[in-house]
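Input: a single structure, listed below in structure tokens.
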Amino acid sequence: MELYKLTAHTLREKLNKKEVSPQDILSDLKGRIKEVDPKVRAYVRLEGAEEAQAPKGIPISIKDNICTEGLNTECCSKILEGFQPPYDATVIKKLKEAGLTILGTKTNMDEFAFGSSTENSYFGTTHNPWSLERVPGGSSGGSAAAVAADEAIWALGSDTGGSIRQPAAFCGVVGMKPTYGRVSRYGLIAFASSLDQIGPITKDVEDCALLMNMIAGFDPKDSTSADIKVPDYTKSLANNIKGTKIGIPKEYFVKGMSGEIKGLVEEAVEKLKSLGAGVKEVSLPHTQYAVPVYYIIATAEASSNLARFDGVQYGFRAKAGDLIDMYKKTREQGFGQEAKRRVLLGTFALSHGYYDAYYLNALKVRTLIKQDFEKVFNECDCIITPTAPTPAFKIGEKADDPLQMYLSDIYTISVNLAGIPGVSLPCGFTKQNLPAGLQILGKAFDEETLIKVAHAYEQSTPWHKMKPRL
Amino acid sequence: MAINQDTVKHVAHLARIDLEQKELEKISQQLHAILDYIDTLRKLDVKDVPPTSHILPIKNVLRQDLPQESLPVDEALKNAPNKERNFFVVPKVIE
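Protein chains in written order, with my numbering: chain G, 1 to 470; chain A, 1001 to 1095.
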């Protein structure tokens, strides 16, 4: 029936009218996965990963770092091989309550969400459905590629420095990082606790709004979740952006970015103008410091969070003589290269003699980055930027140069440091037929404006209807 | 600021990660390049800027100390690489 091609909101109508059953959708989707996943490799395990419950609604695909009771959740790391959480993350509990079916196999990612390409996954690299020799972005590359290849109806990812938005841009789908505190992190295996957020990856903006309705809200189990009323996000699908004030930060259109991406984003801005939005140039003067600040703060927090992977309570344990030796060998053999690099960098930044010079200094510059956004939002409703400086790059192109890989998140990282929400949606294709992403940033807890502007743009352009040939 | 192999070795001990000599050399070089880039932060004067460790104005979130649902022991031990009765088993710590 090719139900896998449809959006969740279309399937929901069909389910309501009893034109299809949840079983129809699931079998159809699984057929599609079987057909195209050997090429795309968006999922971690295809064999032996059955759904934990009988299908009762629309299926959803989940990133491998979000705990699902009784289903393997391994962060695509050897050190968590075989781990089956004894409980559900709050978002999973909410999705089950909303009547969704949690797909039994999880989506691929960079190990512990450390990366921008999925090349750091213990289970191998995911391929971009638009061009199989290219990366899907990362770290939620499996979720984004699955949605783009119609191997998922919709999906959850997590975003610490761009890990939802950058792969959404590379794969031509919609990805939202909500405001820090908007969605509970309980059951999300922590990377950097002051930056991490779970968010939707979908085929269109309406599905993004629907999924936000399901996952947002205060959770007593996450002490950093915000006790702020959650609106009905579908009410923002209004198609009217007359008078909306959009800021374009001049620091985001500089050397190093692809001319084609620049052109496509500028065309998108013109389109928004024609829909009635007001556009002005703004300045975020500390933009150039975002990547260095991030790689201190994120790695410092990661080094602390990853201390729990020591071979005692779960996952892989190496054979060794004494306890310290067991820790060291377990972590040597269990972590991949990027995980080791980040844990070491973070440990260094927090260690005696370097704490003030690196960690404390980075926290101070974080304040400046946050203040940049506050100033701009005094005069604008939202900010528009490219999501990534280039389209999807080739597999292997940046694998041996961590610094170049880090720079591919240059437009997404400040958002996590400031805690504000951001969404990426497709804004056209390059000459090589690779998707380009438009990023919209908003004030804290104002995801509504993002959905409103994104929806108005999407509905006046054809990009969300384009499908890769597989 | 330069980072040398001795510092990386020390940090690896703090982080409880064994590194083979080849890996140590490679990672030391990479961390050197990354820290070199991070040093661009020194251009800024942040003497009077307060640090931001957390983005929300939330402090000391407390709850009532009441008994609540918890994981049964066998569930909590389910993923352990080595266990006995109600315990995780680890290599001998005391001589």
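All C-beta atoms, glycine included, are put in the ideal place defined by N, C-alpha and C.
For the segment 1021-1054 of chain A, the set of residues with a beta-carbon nearer than 7 Å to any beta-carbon of chain G comprises Ile1027, Gln1030, Leu1031, Ala1033, Ile1034, Tyr1037, Ile1038, Thr1040, Leu1041, Leu1044, Val1046, Val1049, Pro1050, Pro1051, Thr1052, Ser1053 and His1054, in chain order. One finds Val312 and Gln313 in chain G with Cβ atoms closer than 9 Å to the Cβ of phenylalanine 1088 of chain A, taken in chain order. Pairing tyrosine 294 of chain G with glycine 161 of chain G gives a Cβ-Cβ distance under 7 Å. For aspartate 381 of chain G, the CB contacts under 6 Å within the same chain, skipping 5 residues up- and downstream, are Thr244, Lys245 and Thr449 in chain order.
C-alpha of glutamate 119 of chain G to C-alpha of valine 269 of chain G: approximately 33 Å in a straight line.
When Cβ-Cβ separations below 7 Å define contact, proline 38 of chain G makes no contact with chain A.
Take the alpha-carbon of cysteine 75 of chain G and the one of alanine 146 of chain G: they are about 17 Å apart.
When rounded, the separation of the alpha-carbon atoms in tyrosine 327 of chain G and leucine 237 of chain G is 51 Å. Annotation note: the segment 121-180 of chain G contains the following uninterrupted alpha helix (DSSP H) runs of length 4 or greater, listed N- to C-terminal: 141-148 and 165-171.
Contact between valine 1011 of chain A and leucine 306 of chain G fails: their C-beta atoms lie close to 14 Å from each other, not under 8 Å.
Chain G has a Cβ within less than 7 Å of the Cβ of glutamate 1075 of chain A. Residue pairing by DSSP places alanine 307 of chain G opposite no residue, since no beta bridge is assigned to it. Serine 77 of chain G sits in coil when the DSSP states are folded into three classes, being neither helix nor strand. Residue contact check for leucine 1071 of chain A against chain G: a CB pair falls below 7 Å. Closer than 7 Å at the C-beta level to chain A, one finds these residues of the segment 397-415 of chain G: Pro402 and Leu403.
In the structure shown, glutamine 1068 of chain A adopts coil according to DSSP, grouped into three states.
Going by beta carbons, isoleucine 201 of chain G and valine 173 of chain G fall inside the 7 Å limit. Against chain A, the CB of aspartate 372 of chain G has no partner CB under 7 Å away; the residue lies outside that interface. Interface residue (Cβ-Cβ distance to chain G less than 7 Å): arginine 1085 of chain A is not classified as such. Judged by DSSP secondary structure, leucine 425 of chain G falls outside any alpha helix (DSSP H) and instead within the beta strand (DSSP E) spanning 422-429. For aspartate 24 of chain G, the CB contacts under 8 Å within the same chain, skipping 5 residues up- and downstream, are Met1 and Leu3 in chain order. With its beta carbon less than 7 Å from one in chain G, leucine 1056 of chain A belongs to the interface. For asparagine 1060 of chain A, no CB of chain G lies under 7 Å from its own CB, so it is not counted at the interface with that chain.
Contact check between the segment 56-68 of chain G and the segment 152-159 of chain G: three or more CB pairs, one atom from each, fall below 8 Å, which counts as touching. Counting only runs that start and end inside the segment 254-289 of chain G, the alpha helix (DSSP H) elements of at least 4 residues fall at 259-274.
Burial is judged here by how many other beta carbons sit within 10 angstroms of a residue's own beta carbon; alanine 1015 of chain A has at least 16 and is buried. Pairing glycine 247 of chain G with valine 376 of chain G gives a Cβ-Cβ distance under 7 Å.
In the DSSP assignment, glycine 199 of chain G is bridged to G:Gly157.
From the listed residues G:Pro22, G:Gln84, G:Lys78 and G:Ala168, the smallest Cα separation to glycine 99 of chain G is found for G:Pro22. Among the CB atoms of chain A, none fall inside 7 Å of the CB of aspartate 222 of chain G. Residue contact with chain A for glutamate 332 of chain G: present (Cβ-Cβ distance below 7 Å to some residue of chain A). Taking all protein chains shown into account, leucine 195 of chain G has 16 or more neighbouring C-beta atoms within 10 Å of its C-beta and is therefore buried.
With distances taken between CA atoms, serine 139 of chain G lies nearest to G:Ile413 out of G:Leu360, G:Leu210 and G:Ile413. As computed with DSSP, alanine 216 of chain G is found in a beta bridge with G:Val183. The DSSP assignment places 382-386 and 422-429 as complete runs of the beta strand (DSSP E) inside the segment 371-430 of chain G, in order along the chain (cut-off: 3 residues). In terms of Cβ geometry, isoleucine 369 of chain G and leucine 441 of chain G do not form a close pair [threshold 7 Å].
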